[in-house]
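I have placed the structure first, in the form of structure tokens, so that the comments after it can refer back to it.
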Amino acid sequence: MWTVEEGISRLREGGAKITSQRIAILRLLKGRMDHPSADQVYSELREDFPTISYATIYSTAQLLANSGLIQILSIDDKRVHFDPDPKPHGHFRCESCGALYDFPIDEEMLDRLRHGSSQQAHSVQIFAYGLCDDCRRATFDLTERIAAEEEVLVEA
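Note that the working numbering has the sequence shown beginning at -9, numbered continuously upward.
This is the structure:
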């Protein structure tokens, strides 16, 4: 995992001006496992940086992605999410609660996509959609309760 100092160095190498807002974005993203959206980054930094803009968030994220420190995830049409783990892996999105989870992917498949076919993929994002364990259990519990209530109604 990268450090804030490494992030600052990479931003400098990319020609970016190092500002307190960009350092705050680095600190916020470093080590986050919840894949924050631009809206979340904005909300979390706005109190300390009232003049922060979405343009600063997106441009900083793009510089970090170009430097190989983060991934910018386009999971749906509404928003992007930032993943501070640049290593190849897939993402599972719960269709009920919206949570994002990482999952491992087959390195051989990635190598074939990047080098072993007539097409050459320069970027690969793998997304799976469904219900997380908590939402699946909640749905199952609700289904059981409804079935039990229907049984009581039929008996009455």
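Note that beta-carbon positions come from the ideal geometry of N, C-alpha and C, so glycine has one too.
Problem set entry | DSSP three-state assignment for residue 61, whether helix, strand or coil | strand
Exercise. Relative to the alpha-carbon of residue 148, which residue among 105, -5, 68 and 73 has its alpha-carbon at the smallest distance?
Worked result: This structure cannot settle anything about residue 148, because the visible part of the chain is limited to -9 through 146.
For this session: Can you tell me the Cβ-Cβ gap for residue 71 and residue 90, rounded? I've got them flagged as a contact below 8 Å.
Result: 6 Å
Exercise. Identify the residues that DSSP records as bridge partners of residue 113: which are they?
Worked result: BP columns for residue 113 are empty, so no partner.
For this session: Please confirm if the stretch 76 to 95 is in contact with the stretch 103 to 116, defined as three or more CB-CB distances below 8 Å between the two stretches.
Result: yes
Problem set entry | Selected residue, minimal CA-CA separation from residue 10, among 35, 84 and 66 | 35
Exercise. Where do the ends of the alpha helix (DSSP H) carrying residue 102 lie?
Worked result: 97 to 105
Exercise. DSSP puts residue 93 in a beta bridge; with which residues?
Worked result: 80
Problem set entry | Own chain partners of residue 6 with C-beta closer than 6 Å, once the 5 adjacent residues on each side are dropped | 53
Problem set entry | Beta-carbon separation (whole angstroms), residue 85 vs residue 120, contact threshold 8 Å | 6 Å
For this session: Could you spell out where the beta strand (DSSP E) holding residue 73 opens and where it closes?
Result: 71 to 73
Exercise. Is the Cβ-Cβ distance between residue 75 and residue 92 less than 8 Å?
Worked result: yes
Problem set entry | Nearest residue (CA-CA) to residue 17, options 127, 125 and -2 | -2
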